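Input: a single structure, listed below in structure tokens.
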Amino acid sequence: MLIRNRLTIIFTLLATGIQVTLSVLVWYFYSLYRQEEFYSRLEGKARMAGRLLISKRHLHDDFFKNMVKTDLLTLVEEQISIYDRERRLIFTNRNLKETEYYKEKINNLSSTSLSEFKTGHLESILMPYRDREQLFYIFSSGYDRIGLAKLATLQQILLLANLLGFALIVLAGWYFSGRVLKPISQIVDEVEQITAVDLHKRVHEGNRRDEIAQLAITFNRMLFRLEDAFVSQRSFVAHASHELRTPLTNTLGTLETSLRYDQNPADWRDSMEIAIEELKKVISLTNGLLSLTKVTDGTVALVNVQVDDCLLNAIGQVQAKYPQRQLPLQFVTSEEPYFTIKGNAALLTTAFLNILDNACKYSTQEVIVKLESTKKQMVLTVTDRGRGIDEVDIAHIFNPLYRGNNVEGVSGYGVGLAVTQKIIELHQGVLKINSHLNQGTTVRICLPLLV
Numbered sequence: 001m002l003i004r005n006r007l008t009i010i011f012t013l014l015a016t017g018i019q020v021t022l023s024v025l026v027w028y029f030y031s032l033y034r035q036e037e038f039y040s041r042l043e044g045k046a047r048m049a050g051r052l053l054i055s056k057r058h059l060h061d062d063f064f065k066n067m068v069k070t071d072l073l074t075l076v077e078e079q080i081s082i083y084d085r086e087r088r089l090i091f092t093n094r095n096l097k098e099t100e101y102y103k104e105k106i107n108n109l110s111s112t113s114l115s116e117f118k119t120g121h122l123e124s125i126l127m128p129y130r131d132r133e134q135l136f137y138i139f140s141s142g143y144d145r146i147g148l149a150k151l152a153t154l155q156q157i158l159l160l161a162n163l164l165g166f167a168l169i170v171l172a173g174w175y176f177s178g179r180v181l182k183p184i185s186q187i188v189d190e191v192e193q194i195t196a197v198d199l200h201k202r203v204h205e206g207n208r209r210d211e212i213a214q215l216a217i218t219f220n221r222m223l224f225r226l227e228d229a230f231v232s233q234r235s236f237v238a239h240a241s242h243e244l245r246t247p248l249t250n251t252l253g254t255l256e257t258s259l260r261y262d263q264n265p266a267d268w269r270d271s272m273e274i275a276i277e278e279l280k281k282v283i284s285l286t287n288g289l290l291s292l293t294k295v296t297d298g299t300v301a302l303v304n305v306q307v308d309d310c311l312l313n314a315i316g317q318v319q320a321k322y323p324q325r326q327l328p329l330q331f332v333t334s335e336e337p338y339f340t341i342k343g344n345a346a347l348l349t350t351a352f353l354n355i356l357d358n359a360c361k362y363s364t365q366e367v368i369v370k371l372e373s374t375k376k377q378m379v380l381t382v383t384d385r386g387r388g389i390d391e392v393d394i395a396h397i398f399n400p401l402y403r404g405n406n407v408e409g410v411s412g413y414g415v416g417l418a419v420t421q422k423i424i425e426l427h428q429g430v431l432k433i434n435s436h437l438n439q440g441t442t443v444r445i446c447l448p449l450l451v
């Protein structure tokens, strides 16, 4: 179901419920008012009958009957009955069939209270009346034809008003939901016009304060990330194509030249060695790209790992690659050494290996390695005194296949730091690099310990 239809239905149900509830309350309270007003009229009739019939001693003549004939306020089916202290009927203006019923009402009445009740369609009151130390009981009954007719008319008016109100509420709900969803519809239309070739477009953010504006802002942030990802992907593909094409072209050229011109086994061997070196570059780059893909696909299993073991393994591999380089290792702990984290040993070893390899690759002096642990995290610091990184390049060093401007003559493809950053992020850690050109580089890795 469309959200507009759902909002219209919800709005209609709520508004109709409120309208019907108010209508019922109006009908109910008017019904109470009519009843109380009619009982007041009956009480007035009873008191008037007491003053005229009992106080003026007209119980046994036709004075009251003659007065009723000329009374314009006579009630429909009006009935006045008077009983004495012994429950004997001493006056009535109609033939009674409910004498015993009235006597039972007298028995339940105190000497000062007034009783209101209903018999059939007639509404009645019973009140005590004292005159000259004598106690009488006066019944006054009647049918409120006018009041009930007004109540029925009010009921019809409320019913018609609710039907008309329901139709208006449906229209208002449809209009209201359309107005509410109009900004969202505009966002949808604007987003539908954004394709991969024009990711620079943004949706209108409105007043930047309400929820819909926040939705637009969120869309724009997502579009910014998508645009950045597309730009990075294009740059990555371009660099990868270039880096792969160069060694493959060299390999092909070497083999084609050897096939055409080499005549003796020594020349063939030289050509094959050149081709092998170029293919090693392709394999190295491919392995780096595969490592980057493996880290970013989110399928790596994490278990309890000793970070110091991974670091010692990485140092051993780097020391074998650079036997002349010194790699002094320092352990700094305030308490008992504890380097256990939740992670993947192979990936952590790769991350440490990339950092140490870069430090040894771009520096001819010793590389200082320091491993610290606190109660909540461990910190690995690798410091070299090499050529450093230019400030312009620091902002891009984590981009795959990006290399600085001062790395001429040093082999590499710019994949190692990108892989390392992804590995550290996978382990909920932080990788920071502080470097100054021709002064050296300090790499700091913070990883949360297993508590």
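The opening position of the sequence shown corresponds to residue 1 in the numbering used here, with each subsequent residue numbered one higher.
Think of the CB as a built atom: it goes at the ideal place given N, C-alpha and C, for glycine as much as any other residue.
Just so it is clear, the structure is predicted and the values come from calculations on it, not from any experiment.
Query - Environment of Ile10 [buried if 16+ CB atoms lie within 10 Å] - result: Your numbering for residue 10 matches position 10 in the sequence shown. So Ile10 ends up on the exposed side.
Requested in this report: Note the first and the last residue of the continuous beta strand (DSSP E) segment covering Ile355.
Outcome: In the sequence shown, counting from the first residue as 1, residue 355 sits at position 355. Where Ile355 is concerned, there is no enclosing beta strand (DSSP E), although the alpha helix (DSSP H) it sits in stretches over 345-361.
Query raised in the report: Is Gln306 helix, strand or coil when you go by DSSP?
Result: As a position in the sequence shown, residue 306 is number 306, starting the count at 1. Three-state DSSP puts Gln306 in a strand.
Report task. Using a Cβ cut-off of 8 Å (strictly closer), state whether Leu417 contacts chain D. Result -> Checking the listed chains, one finds no chain D in this structure; it contains a single protein chain.
Query raised in the report: Which of helix, strand or coil does DSSP assign to Tyr101?
Result: On the sequence shown, residue 101 is found 101 positions in, with the first residue counted as 1. Helix.
Query raised in the report: Taking the DSSP output, what are the residues bridged to Pro323?
Result: Locating residue 323 in the sequence shown gives position 323, where the first residue counts as 1. For Pro323, which the question treats as bridged, DSSP gives no partner whatsoever.
Requested in this report: Quick one: measure Cβ to Cβ for Leu371 and Phe398, integer angstroms, because I've assumed they're closer than 8 Å.
Outcome: Your numbering for residue 371 matches position 371 in the sequence shown. Your numbering for residue 398 matches position 398 in the sequence shown. Not a contact, Cβ separation roughly 23 Å.
Query raised in the report: Thr70: buried (16+ other C-beta within 10 angstroms of its C-beta) or exposed?
Result: Locating residue 70 in the sequence shown gives position 70, where the first residue counts as 1. Its pLDDT being 47, under 50, Thr70 is placed unreliably by the model, and nothing is read from it.
Query raised in the report: When DSSP labels each residue in this structure, what does Gly429 get in the three-state scheme?
Result: For the purposes of this step, residue 429 is taken as the residue at position 429 of the sequence shown. Here Gly429 sits in coil by DSSP.
Requested in this report: Identify which residue in Glu366, Glu278, Ala15 has its Cα closest to the Cα of Ile169.
Outcome: Mapped onto the sequence shown, residue 169 falls at position 169. Closest by alpha carbon: Ala15.
Report task. Counting only the same chain and skipping the five closest in sequence on each side, list residues whose C-beta sits under 7 Å from that of Ala213. Result -> Counted from its first residue, the sequence shown places residue 213 at position 213. Taken in chain order, the residues that qualify are Glu205, Gly206, Asn207.
Query raised in the report: Going straight from the alpha carbon of Ile276 to that of Leu417, what length do you get?
Result: Start at 1 with the first residue of the sequence shown, and residue 276 comes out as number 276. Start at 1 with the first residue of the sequence shown, and residue 417 comes out as number 417. Each residue's alpha carbon lies about 26 Å from the other.
**Report entry** Beta carbon of Phe29 nearer than 8 Å to that of Asp144
**Finding:** What you label residue 29 is simply residue 29 of the sequence shown in a count that begins at 1. What you label residue 144 is simply residue 144 of the sequence shown in a count that begins at 1. It is not a contact, given that the beta carbons lie outside the stated cut-off.
Report task. Determine the contact status of Gln317 and Glu366, defining contact as a CB-CB distance below 8 Å. Result -> Residue mapping note: residue 317 aligns to position 317 of the sequence shown, counting from 1. Residue mapping note: residue 366 aligns to position 366 of the sequence shown, counting from 1. For Gln317 and Glu366, no; Cβs fall outside 8 Å.
Requested in this report: Decide if the stretch 173-183 is in contact with the stretch 109-128; the criterion is three or more beta carbon pairs, one per stretch, under 8 Å apart.
Outcome: no
Query - Gln421 and Leu431 closer than 8 Å at C-beta - result: Reading the sequence shown from its first residue, position 421 is the one you call residue 421. Reading the sequence shown from its first residue, position 431 is the one you call residue 431. Yes; because the gap between Cβ atoms is below 8 Å, this pair is in contact.
Report task. State buried or exposed for Leu72, treating a residue as buried only when at least 16 other CB atoms are found within 10 Å of its CB. Result -> The residue labelled residue 72 in the question sits at position 72 within the sequence shown. Confidence is the limiting factor: at Leu72 the pLDDT is only 45, short of 50, which leaves the residue's position unreliable, though a coordinate-based value still follows. So Leu72 ends up on the exposed side.
Query raised in the report: The beta strand (DSSP E) with Gly537 in it runs from where to where?
Result: Here the chain has residues from 1 to 451 only, and residue 537 is not among them.
Query raised in the report: Whose CA, out of Lys376, Thr364, Ala314, Ser363, lies closest to the CA of Leu348?
Result: Position 348 of the sequence shown holds residue 348. Nearest option by C-alpha distance: Ala314.
Query raised in the report: Roughly how far, in whole angstroms, is the beta-carbon of Leu226 from the beta-carbon of Leu252, given that I think they are within contact range, below 8 Å?
Result: The residue given as residue 226 occupies position 226 in the sequence shown. The residue given as residue 252 occupies position 252 in the sequence shown. That belief does not hold up - the Cβ atoms of Leu226 and Leu252 are roughly 37 Å apart, past 8 Å.
Query raised in the report: To the nearest angstrom, how far is it from the Cα of Asn93 to the Cα of Gly17?
Result: As a working note, residue 93 is residue 93 in the sequence shown. As a working note, residue 17 is residue 17 in the sequence shown. Taking the straight line from one Cα to the other gives about 49 Å.
Report task. Kindly indicate which residue of Ser113, Ile445, Trp174, Leu171 has the alpha-carbon position closest to the one of Thr311. Result -> Residue mapping note: residue 311 aligns to position 311 of the sequence shown, counting from 1. For clarity, residue 311 is Leu in the given sequence; the question names Thr instead. Out of Ser113, Ile445, Trp174, Leu171, Ile445 has the C-alpha closest to the C-alpha of Leu311.
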